[in-house]
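A short worksheet on the structure shown next.
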Amino acid sequence: MRLFLFFTLSFLIIFSSCKKEEIPTPIEPLKVQETYQSIKNILEINCINCHSASGSASFLDLTLYIYVKTYLYGNNSFTDRISSDDEFYRMPPSGDLSEEEKNRLIDWVNTGYL
Numbered sequence: 774m775r776l777f778l779f780f781t782l783s784f785l786i787i788f789s790s791c792k793k794e795e796i797p798t799p800i801e802p803l804k805v806q807e808t809y810q811s812i813k814n815i816l817e818i819n820c821i822n823c824h825s826a827s828g829s830a831s832f833l834d835l836t837l838y839i840y841v842k843t844y845l846y847g848n849n850s851f852t853d854r855i856s857s858d859d860e861f862y863r864m865p866p867s868g869d870l871s872e873e874e875k876n877r878l879i880d881w882v883n884t885g886y887l
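Residue numbers (my numbering): 774 to 887.
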């Protein structure tokens, strides 16, 4: 009887002292907000050769922030063209933008061309 009581009490003490640990909710990392300064290099490397006053597509000058913002404001074709797989529609025509660069440009447009 004593042995039974000993095991019962031991069992109760052991399992009553166990607590379920709460798993902390992971904190999502802050997403970097794209600005013209942070995407300017992408434009310079991939766009300015053609889209400048002396380029073959000088009608759409992308050399200055004010020109870029004026063109993009309310114009969805920019994001459509950089995302396109159609070799006759996409920009740049070479398709050299990486997925990261495309996403950064799209994020910049979606946050209001800061």
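C-beta: ideal position from N, C-alpha, C; glycine also.
- In this structure residue 839 is exposed. Its beta-carbon is surrounded by fewer than 16 other beta-carbon atoms within 10 angstroms.
- Contact between residue 874 and residue 821 fails: their C-beta atoms lie close to 14 Å from each other, not under 8 Å.
- Our two residues, residue 872 and residue 786, have alpha carbons roughly 57 Å apart in a direct line.
- If you look at residue 878, you'll find it in the alpha helix (DSSP H) that goes 872-883.
- In this structure, the straight-line span from the alpha carbon of residue 855 to that of residue 867 is close to 11 Å.
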